[in-house]
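Undergrad: Please see the structure below; I have some questions.
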Amino acid sequence: MTFTPDTITLALSKGRIFDETLPLLRAAGIEVLEDPEKSRKLILPTNQPQVRVVLVRASDVPTYVQYGGADLGVTGLDTLIEHGGAGLYQPLDLRIARCRMSVAVRADFDYAQAVRQGSRLKVATKYVGIARDFFAAKGVHVDLIKLYGSMELAPLTGLADAIVDLVSTGNTLKANQLVEVERIMDISSRLVVNQAALKLKQDAIRPIIDAFASATT
Ligand code: AMP
1 MTFTPDTITL ALSKGRIFDE TLPLLRAAGI EVLEDPEKSR KLILPTNQPQ VRVVLVRASD
61 VPTYVQYGGA DLGVTGLDTL IEHGGAGLYQ PLDLRIARCR MSVAVRADFD YAQAVRQGSR
121 LKVATKYVGI ARDFFAAKGV HVDLIKLYGS MELAPLTGLA DAIVDLVSTG NTLKANQLVE
181 VERIMDISSR LVVNQAALKL KQDAIRPIID AFASATT
């Protein structure tokens, strides 16, 4: 692989986003030539010599695209909101990796009563921006505790009264005796494009955006 100024770099995270982006890439005539589950490579070639995929942590996708480490990327709306979206053109809701952002508590915690009484809620989450805005809009006072994973543990150990987390089937909450008490927003993955790259590499990037758009409608 040789990288010229014309190289198009797409940032993806492994797992659901990678898997669900493959059919969209195929619609754009792009086949990724290596399986990230079988290879340790972080840069994956495609059947188009000028297009490559870089594998980054989900929360790093907007940062890579913002600063031009990648020309475009696929990221969850949750991650995009937490990042803030600076320097990113957001042309498409890809409607993949769909789930919801919700508030959950222990089954024996009276959330409605706590909110009604104006108590100070302790909320553990990875999504502090979304949680802060949601509770501020409701006029609920919260102490936010930032976590990086296993949020379900927080109410079970007394670290927090509630969590704000992504819910898909609800099985993880159920397995940990937690209940979903409020849905904050629906989440899906978005295509993000570096604004400068969109201008400078229009001829290569536009067809990819157009193919993704046709494949998602
Ligand atoms: P589930 O048990 O299907 O409700 O999935 C919940 C778990 O999967 C939680 O730990 C979530 O953080 C994670 N999760 C669910 N959907 C997504 C998604 N679209 N992207 C990233 N993580 C997710």
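Residue numbering for the sequence shown follows my numbering, beginning at 1 and increasing consecutively. For glycine and all other residues, C-beta sits at the position ideal for the given N, C-alpha and C. Since the structure is predicted, the reported quantities are computational estimates derived from the model, not experimental observations.
Mapping DSSP to helix, strand and coil, what is P45?
TA: strand
Undergrad: Spell out the partners DSSP gives S75 in its beta bridges.
TA: In the sequence on display, residue 75 carries Thr and not Ser. Bridge partners of T75: R190.
Undergrad: Taking just the CA atoms, how far does P49 sit from F134?
TA: Taking the straight line from one Cα to the other gives about 45 angstroms.
Undergrad: Is DSSP giving A28 helix, strand or coil here?
TA: In the three-state scheme derived from DSSP, where H, G and I count as helix and E and B as strand, A28 is classed as coil.
Undergrad: By a C-beta neighbour count over all protein chains shown, 10 Å radius and 16 as the cutoff for buried, is H141 buried or exposed?
TA: exposed
Undergrad: To the nearest angstrom, how far is the alpha carbon of F212 from that of L121?
TA: 42 angstroms
Undergrad: For V103, I'd like the list of residues in its chain whose CB is within less than 6 angstroms of its CB, leaving aside the five on either flank, ordered along the chain.
TA: A162, V164, V181 and E182
Undergrad: Out of curiosity, what's the CA-to-CA distance linking G158 and I145?
TA: 12 angstroms
Undergrad: Taking the continuous beta strand (DSSP E) assigned at Y64, which residues delimit it?
TA: No beta strand (DSSP E) contains Y64, which is instead part of the alpha helix (DSSP H) from V61 to Q66.
Undergrad: Consult DSSP for Q90 and reduce its assignment to one of helix, strand or coil.
TA: Q90 sits in a strand when the DSSP states are folded into three classes.
Undergrad: Which of helix, strand or coil does DSSP assign to T125?
TA: strand
Undergrad: Considering S102, what are the terminal residues of the alpha helix (DSSP H) in which it resides?
TA: Not the alpha helix (DSSP H): S102 falls in the beta strand (DSSP E), residues C99 to R106.
Undergrad: Starting from the N-terminal side, write out each stretch of the beta strand (DSSP E) that is 3 residues or longer and does not extend beyond the segment 136–215.
TA: Runs of the beta strand (DSSP E) inside the segment 136–215: 142–146, 162–167, 178–187 and 189–194.
Undergrad: Ordered along the chain, which non-local residues of its own chain (more than five positions away) have a Cβ less than 6 angstroms from that of R95?
TA: S188 and T216
Undergrad: Taking the alpha helix (DSSP H) that R116 belongs to, which residues open and close that run?
TA: Y111 to R116
Undergrad: I'd like to confirm something about T79: is its beta-carbon nearer than 6 angstroms to some heavy atom of the ligand AMP, or not?
TA: no
Undergrad: Can you find the residues in the same chain that come closer than 8 angstroms, C-beta to C-beta, to Q66, ignoring five residues on each side of it along the sequence?
TA: H83, A86, G87, L88 and N194
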